[in-house]
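The block underneath contains the structure these notes are about, expressed in structure tokens.
In the working numbering, the protein residues as written are -14 to 276.
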């Protein structure tokens, strides 16, 4: 085993350890090789991760795919699909009750059906989903979900509404569509609980491609530091691992840790706040929701 080919992660605080657990979950999802000559291994409370693995892997896609695999069943996306699956039974109920002349029961069931359709269209029309659909379009991936949702809202005939809802389901289940819609839900229901104001959770980036902004804030600094051969001349040290870091990230993106370092210029800090992270530790902290 050549230690120079590995990065060393020493278990630390609860949130950092959750990030290490998130990294392990990613590696297992990827079917990475475990062992001293593999992609990663543990020695006591120290994890070793292959530099080559980090350099060659699409880490942004791995983040999204692992999050969807872990939390996909708990998303609004999944609830929309369940609602669509319930429409045929409710539609048949309404038509049967109306045919039998059971007016009051038919009206009550129809209102329930209308409510189900409203839930579906409201959730699909959320800004987060519209941004995801726009991002797909920018990549040359067309989806007819928006047009179908408008058609669903404007159609009164129950059989036609049912037909359109099935088309929406087909579009939603396309792998590239499912990936981004599911992840949009996970961002706000899971990831935001632990960190904020970076990548796709930075307000000005909420309408941007999730892969692009995660790469920019977490992956590119890590890859740049791995490729760099220059000795750092900075006086900034990572608060977690203690290494010198020229590409420092404020720890304040983690919820309930410290104030925004860029605003914390007090005498206590001697005008030089130093609760910063190196690119590797910042990346690990970003994985904490996966742990």
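Just so you know, even glycine gets a beta-carbon here, dropped at the ideal spot from N, CA and C.
Exercise for review: Specify the secondary structure class of residue 35 as computed by DSSP and reduced to three states.
Suggested key: Three-state DSSP puts residue 35 in a strand.
Point to revise | Unbroken stretches of the alpha helix (DSSP H), 4 residues or longer, contained in the stretch 2 to 89 | key: With a minimum length of 4 residues, the continuous alpha helix (DSSP H) runs that stay inside the stretch 2 to 89 are 36 to 41, 44 to 56, 61 to 84.
Review point. Distance, Cα to Cα, residue 171 vs residue 241?
Key: Distance between the alpha carbons of residue 171 and residue 241: 20 Å.
**Study point:** Contained alpha helix (DSSP H) runs [length at least 4] in the stretch 183 to 231, N- to C-terminal order
**Key:** For the stretch 183 to 231, whole alpha helix (DSSP H) runs of length 4 or above, ordered along the chain, are 195 to 199, 205 to 212.
**Study point:** Endpoints, alpha helix (DSSP H) assigned at residue 265
**Key:** 264 to 271 is the span of the alpha helix (DSSP H), which, as asked, contains residue 265.
Practice item. Rounded to whole angstroms, what's the CA-CA distance from residue 67 to residue 100? Just pull it up for me. Key: Those two C-alpha atoms are separated by around 14 Å.
Exercise for review: Just grab the DSSP bridge partners of residue 131 for me.
Suggested key: Within the DSSP bridge table, the entry for residue 131 names no partner.
Point to revise | Helix, strand or coil at residue 146 according to DSSP, with G and I counted as helix | key: For residue 146, the secondary structure class from DSSP, reduced to helix, strand or coil, is helix.
Practice item. Give the straight-line distance between the Cα atoms of residue 49 and residue 185, rounded to the nearest whole angstrom. Key: One C-alpha to the other measures close to 12 Å.
Exercise for review: Please report how far the alpha carbon of residue 205 lies from the alpha carbon of residue 40, in whole angstroms.
Suggested key: A straight line joining the alpha-carbon of residue 205 with that of residue 40 spans about 10 Å.
Exercise for review: Would you grab the beta carbon distance between residue 274 and residue 201 for me? Rounded to a whole angstrom, and I think it's under 8 Å.
Suggested key: Residue 201 and residue 274 do not touch by the CB rule: their CB atoms are close to 19 Å apart, not below 8 Å.
Exercise for review: Kindly indicate the opening and closing residues of the alpha helix (DSSP H) around residue 166.
Suggested key: Secondary structure note for residue 166: its alpha helix (DSSP H) is the uninterrupted segment 160 to 174.
Exercise for review: Give me the Cα-Cα distance between residue 278 and residue 93, rounded to the nearest whole angstrom.
Suggested key: Residue 278 falls outside the range modelled here, since the chain spans only -14 to 276, and no answer is possible.
Practice item. Can you tell me which of 167, 211, 6, 78 puts its alpha carbon nearest to the alpha carbon of residue 31? Key: Comparing Cα-Cα distances from residue 31 to each of 167, 211, 6, 78, the minimum goes to 6.
Point to revise | Own chain partners of residue 195 with C-beta closer than 7 Å, once the 5 adjacent residues on each side are dropped | key: In the same chain as residue 195, and ignoring 5 residues on each side of it, the C-beta atoms closer than 7 Å to its own belong to 49, 165, 168, 185, in chain order.
Point to revise | At least 3 beta-carbon pairs within less than 8 Å: the stretch 109 to 121 vs the stretch 129 to 136 | key: Output reads yes: the stretch 129 to 136 touches the stretch 109 to 121.
Practice item. Please state if the CB of residue 207 and the CB of residue 270 are separated by a distance shorter than 8 Å. Key: Not closer than 8 Å, so no.
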